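J.:
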Amino acid sequence: MLQFDTKGIYCRQAGVYIDPWQPVDKALITHAHSDHARSGSKAYLCHHNTVPLLKLRLGQEINVEGIGYGEPVFLNGVRISFHPAGHIIGSAQIRLEYQGVVWVVSGDYKLQEDGISAPFEPLRCHHFITESTFGLPVYRFPAPEEVYKEINDWWQQNAADGQHTVIIGYALGKAQRIIRHLDSSIGPVLVHGAVDNVNTALAANGVSLNPSLRITPELSKDSMQDAVIVAPPSAIGSPWLKRFLPYRLGICSGWMQLRGARRRRSADRGFILSDHADWPQLNEAIKATGAEHIYVTHGYKSIFARWLREEMGLQAFEVDTLYEAEGAEDTEDILPP
Amino acid sequence: MKAFAALFTAIEQTTKTNAKIDALVRYFANAPERDILWCISILIGKTLKRQLKTADLKAWAAELAGLPLWLFEEAYPIVGDLAETITLILPDPTGQEDHSLSETIDFLQLLGSYTDEQKKAAVTGRWMLQQAAERFVFNKLITGNFRMGVSRQLVIRAAARSFGMAEAEVAHRLMGHWDPASITLQALLMNEEHTDRYYQPYPFFLAYQLEEVPEALGAVSDWQIEEKLDGIRGQIIVRHQELFVWSRGEELMTDKFPEFASLPALLPDGTVLDGEVIPWKEGRPLPFAVMQTRIGRKSLTRKALQEAPLVMVCYDLLELGGRDIRNEPLSYRRAQLEQLLNGLDAAALLLSPVIDCPTWEAVREIRAASRANNSEGVMLKRKNSVYETGRRRGNWWKWKVDPLTVDGVLIYAQQGHGRRANLFTDYTFAVWDGDVLVPFTKAYSGLTDKEMLEVDAWVKRNTIDRFGPVRSVKTELVFELAFEGINLSSRHKSGVALRFPRILRWRKDKAAAEANTKADLLQLIATQRT
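Now the structure itself:
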């Protein structure tokens with residue numbers, strides 16, 4: 298029912314593309330990250346919470362329609378529904394059913410609950426398309442509660458040492474998750490403009506987030522006392538950060554699992570916090586689908602597909618897409634400060 | 110191990126030198142003496158005898174994790190470190206047990222006498238009773254290369270602060286061989302007389318590359334100018350009628366250099382010479398490649414000795430008649446050195462000639478001609494300078510000749526290790542031989558972090574084929590490579606071998622077709638020889 302062509306994942310029967318990387322007539326969007334939601338298509342369909350984000354990124358004038366989780370739409374006999382993927386706010390797995398055959402395009406997903414996005418919903422299907430960003434057994438993430446505690450303890454220590462705390466995470470998704478779990482009794486939560494733009498777009502659509510203060514040129518030194526600054530990766534090494542001196546810098550990313558990645562960043566701390574599935578989560582999710590056919594996209598796809606074939610006895614295929622894979626740590630960045 | 114693992118974590122969690130020193134000082138204040146000794150020994154780069162095979166470690170870890178071996182092998186180059194890969198892949202511990210650093214090292218050293226089954230039981234047993242941080246440090250002890258973000262100099266500074274000593278004194282005390290299993294801290298650092306370690310070398314004084322014009326150094330007459338020879342920096346020690354030859358890497362190389370065997374009979378007791386050990390024939394140095402072949406030999410045949418006879422070109426005298434004269438000015442030490450060597454009938458000891466240069470311009474000319482003399486450039490040493498310890502700016506400078514360069518095409522890339530793990534940073538370059546690209550060198554360094562990320566992303570997008578961890582890529586990117594020397598070689602496909610190759614810059618302005626050719630390389634060799 299689905300095929301991978303030069304424009305994206307295509308459903309001929311329904312006449313739609315899922316997360317196309319070239320302009321098409323009708324695009325179904327799993328989530329608002331830039332490698333999945335590209336501009337130029339004539340019509341978009343996505344979850345309600347993704348609508349404001351898509352407009353923020355692709356322009357207010359786009360033709361976009363929102364849909365709730367689990368609400369079916371029918372296109373030329375294909376039953377299409379969106380289900381929580383747990384990746385970021387508004388992220389969805391897209392389920393397509395036609396003549397008793399079920400496909401699920403999972404986009405990006407995680408099984409950990411992050412307190413903001415709707416928790417991942419396991420879906421039974423025949424064909425499952427999965428990412429493999431962290432599809433190696435060395436990626437086993439710690440419990441997020443432990444990581445939040447580490448972050449807050451570190452912030453507390455920095456404040457006690459008279460240092461500002463800078464935390465780096467993607468502007469969309471990671472930043473809101475970090476803000477949600479910061480202990481605001483330690484000090485003020487300041488955010489980079491790119492982060493605040495997302496927060497504002499979400500708040501305007503009724504999504505409740507923890508309070509934070511947008512960083513502007515007028516912001517006084519006093520209001521920075523004991524502060525934590527949440528900023529996107531592009532802020533690292535930029536002159537924008539200079540005004541927060543002295544500061545300590547921490548990065549939140551699944552890549553921080555590896556020592557080499559931590560050291561390369563010359564950050565003071567690397568926190569293992571990811572919106573993608575680690576090795577145990579990928580395996581658990583795939584098992585839960587009951588699918589016989591697995592299509593492995595962006596990440597360690599050849600290794601992960603071989604694992605599924607040889608050790609799990611599944612029909613697993615590697616698929617080339619234009620979704621960001623191994624270098625994803627550097628790409629998820631949307632707006633200038 | 111908890112304390113040692115905590116030290117490791119503390120050091121890793123900061124990029125600030127002072128915070129690292131603080132962490133070491135705290136460790137020295139609280140750890141048992143034997144652990145302190147082992148800690149110092151490991152951190153200054155002394156290695157333990159490896160008792161376990163890599164293949165066994167991989168197999169045991171994969172088995173415990175319930176993973177096929179091929180998957181471990183795929184993950185390893187991505188992580189870039191064996192100890193870390195094992196740490197990450199093992200299941201959660203089943204319990205908790207703590208052993209001191211020295212107990213752990215004793216345990217590991219004992220494994221050598223075990224059967225394979227006993228080894229496996231012992232190691233996997235420990236694995237399952239350690240948290241991740243201890244597990245990683247434990248694995249690092251097993252696999253040897255223990256780099257944890259502290260330099261030797263930093264350990265010296267921390268020890269000096271902890272034990273109330275001068276840094277130079279600590280540096281000297283830590284030189285050469287000492288056994289952390291048997292020595293005491295008192296004997297290592299504090300005893301007045303450390304005559305039982307009379308084989309001990311002095312810390313070497315090392316020079317930085319001169320980066321400004323020499324005129325900035327003041328009057329040329331204040332400086333002693335010598336050729337910078339390309340050999341093995343060494344110290345020859347004669348004490349108690351015994352000979353010790355140390356390399357700068359603190360390797361005791363006495364047995365590798367039979368040429369010096371007669372020196373105890375010739376040199377007065379209590380003599381320490383600093384110089385360059387190089388192959389020398391018919392009054393001039395031979396290329397460094399000759400030295401490499403000689404050093405690599407397990408047994409020294411008469412033929413090898415004849416093909417590559419070694420000498421030490423001596424340029425400093427550190428001890429005379431048992432007296433440490435490092436704090437005397439260079440002019441004094443030089444005069445004593447000349448006096449000592451001139452009256453000596455030792456063919457294996459040559460005096461490094463002082464080149465008389467009336468102007469800096471004359472120094473420039475000497476430097477420009479150095480490659481033809483198999484030298485790397487010139488050394489500039491202030492005549493009134495004392496012999497310092499470690500690499501210092503100010504009184505000694507090396508002024509190496511500009512490197513040779515060639516434009517090569519990137520053809521293979523491989524992921525790096527350590528800081529570069531998970532990034533394609535190890536490259537193989539090729540030059541044109543007709544319309545075929547022949548690989549001629551690898552290079553690992555020279556790009557900025559930003560360029561590295563850029564090339565990494567390019568490699569991922571332009572991979573043509575994979576051979577294990579190596580990717581062949583589209584022949585498109587051109588890099589200018591710098592190197593210190595070039596020679597014919599039968600071991601390399603291209604027929605040439607480079608010395609110290611590194612990336613000088615990314616030639617974004619050049620297309621692959623504009624890269625150099627094999628003929629260009631052969632031409633370089635030919636020019637070099639005339």
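Protein sequence lines, in the order shown, are assigned to chains A and B.
Using this note's numbering, the first residue of the first sequence is number 298, and each one after it goes up by one.
Using this note's numbering, the first residue of the second sequence is number 110, and each one after it goes up by one.
Even for Gly, the Cβ is constructed at its ideal location relative to N, Cα and C.
Since the model is a prediction, treat every value here as computed from it, not as a measurement.
1. Could you check the C-alpha separation between P312 (chain B) and T498 (chain B) for me, to the nearest Å?
2. Have a look at Q523 (chain B) and L180 (chain B) and give me their C-alpha separation to the nearest angstrom.
3. Going along the region 309-322 of chain A in order, which residues come within less than 8 angstroms of chain B, judged by CB to CB distance?
4. For a quick check, are the C-beta atoms of N254 (chain B) and I195 (chain B) less than 9 angstroms apart?
5. Pick out whichever of B:A591, B:A471, B:K407, B:D629 has its Cα sitting closest to the Cα of S330 (chain B).
6. Closest Cβ-Cβ distance between I676 (chain B) and chain A: below 9 angstroms?
7. Quick check on DSSP: helix, strand or coil for V495 (chain B)?
8. Against E428 (chain A), what residues of chain B qualify as contacts under a CB-to-CB distance less than 9 angstroms, listed in chain order?
9. Under 8 angstroms, with one C-beta from each stretch per pair, do the region 501-509 of chain B and the region 317-327 of chain B reach the 3-pair mark?
10. By the 10 Å Cβ neighbour count, where 16 or more other Cβ atoms means buried, how is H328 (chain A) classified, buried or exposed?
11. Does Q409 (chain A) come within less than 9 angstroms of chain B when only Cβ atoms are used?
12. Report the neighbours of L434 (chain A) on chain B: residues whose CB is nearer than 7 angstroms to its CB, in chain order.
13. Which residues share a DSSP beta bridge with A552 (chain B)?
14. Nearest chain A C-beta to T645 (chain B) closer than 9 angstroms, yes or no?
15. Measure from the C-beta of W604 (chain A) to each C-beta in chain B and report whether the shortest distance is under 9 angstroms.
16. Along the chain, where does the alpha helix (DSSP H) that runs through Q333 (chain B) open and close?
17. T514 (chain B) bridges to which residues according to DSSP?
18. Can you look up M488 (chain B) in the DSSP assignment and give me helix, strand or coil?
19. Going along chain B in order, which residues have a C-beta closer than 9 angstroms to the C-beta of E608 (chain A)?
20. If I'm right that G525 (chain B) touches G189 (chain B) with Cβ under 8 angstroms, what's the distance once you round it to whole angstroms?
21. Would you mind reading off the limits of the alpha helix (DSSP H) that contains Y445 (chain A)?
22. Have a look at T462 (chain A) and I120 (chain B) and give me their C-alpha separation to the nearest angstrom.
23. If you reduce the DSSP assignment to three classes, tell me which class Q304 (chain A) lands in.
24. What is the DSSP secondary structure of W67 (chain B), reduced to helix, strand or coil?
25. Using a Cβ-Cβ distance cut-off of 9 angstroms, determine whether K129 (chain B) contacts chain A.
26. Assuming L338 (chain B) and E385 (chain B) form a contact by the criterion Cβ under 8 angstroms, report the distance between their Cβ atoms to the nearest whole angstrom.
27. With distances taken between CB atoms, is the gap from F366 (chain B) to V354 (chain B) smaller than 9 angstroms?
28. So who's on the other strand from Y317 (chain B), going by DSSP bridges?
29. At 4 residues or longer, what runs of the alpha helix (DSSP H) sit wholly inside the region 408-437 of chain B?
30. Going by DSSP, which residues form a beta bridge with R376 (chain A)?
31. Is the Cβ of G517 (chain B) closer than 9 angstroms to any Cβ of chain A?
32. Run through DSSP, which three-state label would I359 (chain A) get?
33. Within 9 angstroms (strictly less), CB to CB, does D574 (chain B) reach chain A?
34. Spatial neighbours of F301 (chain A) within its chain, please: CB distance less than 6 angstroms, with the 5 preceding and 5 following residues excluded, ordered by chain position.
35. Can you find a CB in chain A that lies within less than 9 angstroms of the CB of G253 (chain B)?
36. Considering only their Cβ atoms, is the gap separating A552 (chain B) from L586 (chain B) smaller than 9 angstroms?
T.: Working from what's here:
1. It is roughly 5 angstroms from the alpha-carbon of P312 (chain B) to the alpha-carbon of T498 (chain B).
2. Approximately 18 angstroms, taken between the alpha carbons.
3. Under the 8 angstroms Cβ criterion, the region 309-322 of chain A contributes no residue.
4. For the 9 angstroms CB-CB criterion, N254 (chain B) and I195 (chain B) do not form a contact.
5. The candidate whose alpha carbon is nearest that of S330 (chain B) is B:A471.
6. Residue 676 (chain B) lies beyond the range of chain B shown here (110 to 639); nothing can be said about it.
7. In the structure shown, V495 (chain B) sits in coil (DSSP, three-state: anything other than H, G, I, E or B).
8. Neighbours of E428 (chain A) in chain B, taken as residues whose beta carbon is under 9 angstroms from its own, are absent, since the nearest beta carbon is some 16 angstroms off.
9. Enough Cβ pairs lie closer than 8 angstroms, so yes.
10. Buried, because 16 or more other Cβ atoms sit within 10 Å of the Cβ of H328 (chain A).
11. Not one chain B Cβ lies under 9 angstroms of Q409 (chain A).
12. The residue you asked about is not Leu; residue 434 (chain A) is Pro in the sequence shown. Those are A174, L176, L180, A184, I198, listed as they occur along chain B.
13. Assignment of beta-bridge partners to A552 (chain B) by DSSP yields B:Y536.
14. Given that chain B is displayed from residue 110 to residue 639, the structure contains no residue 645 (chain B) and the question cannot be resolved.
15. At a cut-off of 9 angstroms between C-beta atoms, W604 (chain A) counts as an interface residue with respect to chain B.
16. Q333 (chain B) -> not in any alpha helix (DSSP H); beta strand (DSSP E) instead, spanning 332-338.
17. Beta-bridge pairing links T514 (chain B) to B:A591.
18. Strand, per DSSP.
19. Simply L176, P177, L180.
20. Sure, about 6 angstroms apart at Cβ, within 8 angstroms.
21. Note, Y445 (chain A): alpha helix (DSSP H), 441-457.
22. Distance between the alpha carbons of T462 (chain A) and I120 (chain B): 19 angstroms.
23. For the record, residue 304 (chain A) in the displayed sequence is Lys; it is not Gln. Coil.
24. Outside the displayed span of chain B (110 to 639) sits residue 67 (chain B), for which this structure offers no information.
25. K129 (chain B) is outside the set of residues whose beta carbon lies under 9 angstroms from a beta carbon in chain A.
26. That belief holds up - the Cβ atoms of L338 (chain B) and E385 (chain B) are roughly 4 angstroms apart, short of 8 angstroms.
27. Yes, they are a contact pair.
28. Per DSSP, B:W506.
29. Runs of the alpha helix (DSSP H) inside the region 408-437 of chain B: 411-416.
30. The bridge partners DSSP lists for R376 (chain A) are A:F371, A:E394.
31. For G517 (chain B), the answer is no, since every Cβ of chain A falls outside 9 angstroms of its Cβ.
32. In this structure, I359 (chain A) counts as coil in the three-state DSSP scheme.
33. No, because no Cβ of chain A sits closer than 9 angstroms to the Cβ of D574 (chain B).
34. Non-local beta-carbon contacts of F301 (chain A) in its own chain, meaning distances under 6 angstroms to residues more than five positions away in sequence, involve V616 in chain order.
35. Chain A, which has no Cβ nearer than 9 angstroms to the Cβ of G253 (chain B), makes this no.
36. No.
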